[in-house]
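S.K.:
Residue numbers (this note's numbering), protein chains in the order written: chain V, 42 to 157; chain L, 23 to 133.
#1: Cα separation between residue 104/L and residue 68/V?
#2: Can you confirm whether residue 148/V, when its beta carbon is compared against all beta carbons of chain L, has any partner nearer than 8 Å?
#3: Check this for me: beta carbons of residue 119/V and residue 59/V, under 8 Å apart or not?
#4: Taking all protein chains shown into account, decide if residue 119/L is buried (16 or more other Cβ within 10 angstroms of its Cβ) or exposed.
#5: Please work out which residues of its chain come closer than 7 Å, Cβ to Cβ, to residue 113/V, disregarding the five sequence neighbours upstream and downstream, and give them in chain order.
#6: Taking residue 84/V as the reference, give the member of 107/V, 155/V and 148/V with the closest Cα.
#7: Between residue 84/L and residue 57/V, what straight-line distance do the alpha-carbon atoms span, to the nearest angstrom?
#8: Residues of chain V with CB closer than 9 Å to the CB of residue 109/L, please, in chain order.
#9: In three-state DSSP terms, what is residue 103/L?
#10: Which residues in chain L sit within 9 Å of residue 104/V, going by Cβ to Cβ distance?
#11: What does residue 89/V touch in chain L if you count any residue whose Cβ is under 9 Å from its own?
#12: Could you check if residue 127/V is buried or exposed, using at least 16 other CB atoms within 10 Å of its CB as the buried criterion?
#13: Which chain L residues are close to residue 96/V, counting only those with a beta carbon under 8 Å from its beta carbon?
#14: Alpha carbons only, please: which of 42/V, 52/V and 70/V is nearest the one belonging to residue 116/V?
#15: Does the beta carbon of residue 68/V come closer than 8 Å to any beta carbon on chain L?
#16: Nearest to residue 111/V by CA position, among 52/V, 150/V, 66/V and 129/V, is which residue?
#17: At least one CB of chain V closer than 8 Å to the CB of residue 125/L: is that the case?
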């Protein structure tokens with residue numbers, strides 16, 4: 042059963058530390074998204090890639106966040122240095138998006154980050 | 023600015039008590055309205071996509087409808103296993119593949 046896999050599922054770290062979250066999208070999907078979910082803001086788009094190329098990272102604080110897709114099977118989201126306000130659940134999602142009339146995204150189970 | 027507003031924030035139903043969830047949107051050039059279901063500790067799970075006013079989609083006890091300003095998710099004779107947060111999202115023609123999500127409606131169905 043194809044699914045999006047995220048690691049780690051849970052991460053507790055101290056302010057100032059580097060955090061890296063990883064995502065394995067579903068094989069064959071051409072678009073990968075990073076979303077952040079908090080009680081206050083709901084689901085917010087941080088960045089997304091099409092065929093491994095970054096298309097939109099306008100939702101991401103550029104000074105501390107970076108997102109990459111080193112290959113088709115791995116997407117990473119890095120926070121350096123981390124701050125308590127980064128505490129949230131980070132979701133990776135992938136989809137086969139061809140043209141404007143497609144939209145089904147498959148989400149991973151999320152990485153719950155707590156920054157102390 | 024694009025907005026997606028869901029109501030109510032929370033809804034409690036008795037098993038078998040039908041109801042509707044609302045998603046109001048203000049976007050220019052809608053390129054799709056999406057419904058997702060999210061269980062606690064899980065990622066959102068896709069339910070429906072609607073593209074044009076008047077369109078309807080059904081899946082088991084759920085039926086989604088779309089007008090030019092809002093979408094409804096109708097739940098007929100719900101069961102406790104329908105308890106979840108239901109999220110609405112929109113895609114706009116000038117925003118590429120970006121989905122903008124609403125805050126969700128937390129549905130609880132009591133046996």
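Built from N, CA and C at the ideal position, the CB exists for glycine as well.
Every value quoted in this text rests on a predicted model; they were computed, and no experiment measured them.
M.R.: Looking at the coordinates:
#1: To locate residue 104/L, count along the second chain from 1; it is residue 82. To locate residue 68/V, count along the first chain from 1; it is residue 27. Roughly 30 Å separates the two Cα atoms.
#2: Here residue 148/V is taken as the residue at index 107 of the first chain, counted from 1. Yes, residue 148/V counts as interfacial toward chain L.
#3: As a first step, residue 119/V is located in the first chain; it is residue number 78 there, counting from the start. As a first step, residue 59/V is located in the first chain; it is residue number 18 there, counting from the start. Yes, the pair counts as a contact, with Cβ atoms nearer than the cut-off.
#4: Here the question's residue 119/L lines up with position 97 in the second chain. Buried, because 16 or more other Cβ atoms sit within 10 Å of the Cβ of residue 119/L.
#5: On the first chain, position 72 is the one that residue 113/V refers to. 93.
#6: What you label residue 84/V is simply residue 43 of the first chain in a count that begins at 1. Taking only the C-alpha atoms, the option nearest residue 84/V is 148/V.
#7: Reading the second chain from its first residue, position 62 is the one you call residue 84/L. Reading the first chain from its first residue, position 16 is the one you call residue 57/V. Here the alpha carbon of residue 84/L sits roughly 46 Å from the alpha carbon of residue 57/V.
#8: The residue labelled residue 109/L in the question sits at position 87 within the second chain. By Cβ distance, chain V contributes 83 and 84.
#9: The residue given as residue 103/L occupies position 81 in the second chain. Here residue 103/L sits in helix by DSSP.
#10: For the purposes of this step, residue 104/V is taken as the residue at position 63 of the first chain. Simply none; closest approach about 22 Å.
#11: On the first chain, position 48 is the one that residue 89/V refers to. Near residue 89/V (Cβ distances below 9 Å), the residues of chain L are 118, 119 and 120.
#12: Numbered from 1 along the first chain, position 86 holds the residue referred to as residue 127/V. With 16 or more Cβ atoms within 10 Å of its Cβ, residue 127/V is classed as buried.
#13: Within the first chain, residue 96/V is the residue found at index 55, counting from 1. Result: 118 and 119.
#14: Walking along the first chain from the start, residue 116/V turns up at place 75. Among 42/V, 52/V and 70/V, the Cα nearest to that of residue 116/V is on 70/V.
#15: On the first chain, position 27 is the one that residue 68/V refers to. No, residue 68/V lies away from the interface with chain L (no Cβ there is under 8 Å from its Cβ).
#16: Mapped onto the first chain, residue 111/V falls at position 70. Nearest to residue 111/V by alpha-carbon distance, out of 52/V, 150/V, 66/V and 129/V, is 66/V.
#17: Here the question's residue 125/L lines up with position 103 in the second chain. Closer than 8 Å: yes.
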